[in-house]
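Okay, structure first, notes after.
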Amino acid sequence: MSNYEALLQFNRKAVSKEMVQYLASTTASIIKIKKTNSMIDIALPAPPLTKFINRLIKHSNVQTPTLMATSVYLAKLRSIIPSNVYGIETTRHRIFLGCLILAAKTLNDSSPLNKHWAEYTDGLLILREVNTIERELLEYFDWDVTISTDDLITCLSPFLKPIKEEKLYKSQRDRHTLNSPSAQEKDMVDKSSSSHSRSSSNLSIPSLASTSTLSTLESRRSNLSNYSNRIRTLPELHESNDISDKFSPREYNIYSKQNNKENRRPIPTSKPFNFSKARPVILKTGLDKPMINEDSRVKKSNWSNFFKS
Numbered sequence: 001m002s003n004y005e006a007l008l009q010f011n012r013k014a015v016s017k018e019m020v021q022y023l024a025s026t027t028a029s030i031i032k033i034k035k036t037n038s039m040i041d042i043a044l045p046a047p048p049l050t051k052f053i054n055r056l057i058k059h060s061n062v063q064t065p066t067l068m069a070t071s072v073y074l075a076k077l078r079s080i081i082p083s084n085v086y087g088i089e090t091t092r093h094r095i096f097l098g099c100l101i102l103a104a105k106t107l108n109d110s111s112p113l114n115k116h117w118a119e120y121t122d123g124l125l126i127l128r129e130v131n132t133i134e135r136e137l138l139e140y141f142d143w144d145v146t147i148s149t150d151d152l153i154t155c156l157s158p159f160l161k162p163i164k165e166e167k168l169y170k171s172q173r174d175r176h177t178l179n180s181p182s183a184q185e186k187d188m189v190d191k192s193s194s195s196h197s198r199s200s201s202n203l204s205i206p207s208l209a210s211t212s213t214l215s216t217l218e219s220r221r222s223n224l225s226n227y228s229n230r231i232r233t234l235p236e237l238h239e240s241n242d243i244s245d246k247f248s249p250r251e252y253n254i255y256s257k258q259n260n261k262e263n264r265r266p267i268p269t270s271k272p273f274n275f276s277k278a279r280p281v282i283l284k285t286g287l288d289k290p291m292i293n294e295d296s297r298v299k300k301s302n303w304s305n306f307f308k309s
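In UniProt numbering, the protein residues as written are 1 to 309.
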């Protein structure tokens, strides 16, 4: 990971205690403080610098990017102020407030006014002092408030280094996990199980075009056709008991005449006997005439039931 990528990642983080402590230590390193025995300092002592910074951040609702720019201004001011200069007890508070005001007004389209910043100091500074601090800082910077990426990387290097190390550790751990035999075996098992589940699902629910479904339909069709043929041929089986099957048409006429003479029953011979219109005779040998149930006949509409089953 490059420094620029780490900088972008740090830019998205929330304000942390480490960031506040870093700003306080940077501000304290700019100038030395000489203690005085004035009655004002004794009666109204300045709050701790860390508490003062937290109060400004809370009331102004500034985010990490604004504090990043503030750290750059603090570093620039440290290189400008001579090391043999001493300040009063509130000098460090004034320096941080001035750098924070410049960063907020430079980066944001809308920022608090100076009168609001004076209220955020909780009575430590008044509006006239806040205006003076802002003008003095602009004169120190020669009105050049530009911030470059290199300035941010240099000032925030203590925060960027852990981000880069964490990213490197995660990449090495992921690479080791992917190259380990257990991970490869697990990947192969997952692939085989997924393919087996797909194949079993295809076999468990056959489509209408599959071989098993078509064979099932054909077997049902053949069974229904055999059953209907068996019902239609039942009269033909008993029809063979008719006496007309034993003789030819001519012999049957002779036999009928002889039989009629004995029984004295005349048989009309003007028209030949039409065997095609003869109804089958079923002998009463304990077998009832098979009745064809209309509901058992297969209709075309019943085929839909096979596809639903």
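For each residue, glycine too, the CB sits at the ideal point set by N, CA and C. Keep in mind the model is a prediction, meaning the values are calculated, not measured.
Just verifying my parser: in three-state terms, what is the DSSP assignment at residue i?
{"i": "K13", "result": "coil"}
{"i": "G98", "result": "helix"}
{"i": "I163", "result": "helix"}
{"i": "I33", "result": "strand"}
{"i": "E18", "result": "helix"}
{"i": "A6", "result": "helix"}
Residue i: which of the options sits nearest, CA to CA?
{"i": "S16", "options": "L107, V145, I57, S29", "result": "I57"}
{"i": "Q63", "options": "H93, A28, L100, T91", "result": "L100"}
{"i": "E129", "options": "A103, L97, D150", "result": "L97"}
{"i": "I33", "options": "S148, L156, H176, R94", "result": "R94"}
{"i": "R78", "options": "T26, L160, L44", "result": "T26"}
{"i": "L152", "options": "N54, W143, T70, R55", "result": "T70"}
{"i": "P47", "options": "Q172, K164, V145, L125", "result": "L125"}
{"i": "Y45", "options": "M68, K13, K161, T91", "result": "Checking the sequence shown, residue 45 turns out to be Pro, not Tyr. Considering only alpha carbons, the answer is T91."}
{"i": "I133", "options": "W117, I147, T146", "result": "W117"}
{"i": "T146", "options": "N131, L107, S29", "result": "L107"}
{"i": "I81", "options": "N61, S29, M1, K115", "result": "S29"}
{"i": "N61", "options": "K161, K76, A14", "result": "A14"}
What's the C-alpha gap between residue i and residue j?
{"i": "K167", "j": "P158", "result": "15 angstroms"}
{"i": "C155", "j": "G123", "result": "31 angstroms"}
{"i": "H176", "j": "Q21", "result": "37 angstroms"}
{"i": "residue 310", "j": "E89", "result": "Residue coverage of the chain in this structure runs from 1 to 309, which leaves residue 310 outside it and unanswerable."}
{"i": "H59", "j": "K105", "result": "16 angstroms"}
{"i": "N84", "j": "I31", "result": "8 angstroms"}
{"i": "T149", "j": "D174", "result": "30 angstroms"}
{"i": "Y169", "j": "N11", "result": "21 angstroms"}
{"i": "K51", "j": "T66", "result": "18 angstroms"}
{"i": "Y73", "j": "R135", "result": "14 angstroms"}
{"i": "L49", "j": "L23", "result": "10 angstroms"}
{"i": "N37", "j": "G87", "result": "14 angstroms"}
{"i": "E165", "j": "Q9", "result": "13 angstroms"}
{"i": "E119", "j": "A103", "result": "18 angstroms"}
{"i": "N3", "j": "M68", "result": "15 angstroms"}
{"i": "M19", "j": "N54", "result": "10 angstroms"}
{"i": "I163", "j": "A6", "result": "6 angstroms"}
{"i": "L127", "j": "S171", "result": "52 angstroms"}
{"i": "R115", "j": "N131", "result": "Inspection of the sequence shows that residue 115 is occupied by Lys rather than by Arg. Rounded to whole angstroms, K115 to N131 spans 9 angstroms at the Cα level."}
{"i": "D144", "j": "A75", "result": "14 angstroms"}
{"i": "L160", "j": "T121", "result": "31 angstroms"}
**Request:** Determine, using beta-carbon pairs with one atom in the region 137–144 and one in the region 104–122, whether at least three such pairs fall under 8 angstroms.
**Result:** no
**Continuous alpha helix (DSSP H) assignments of at least 4 residues falling wholly in the region 109–147** = 114–120, 127–140
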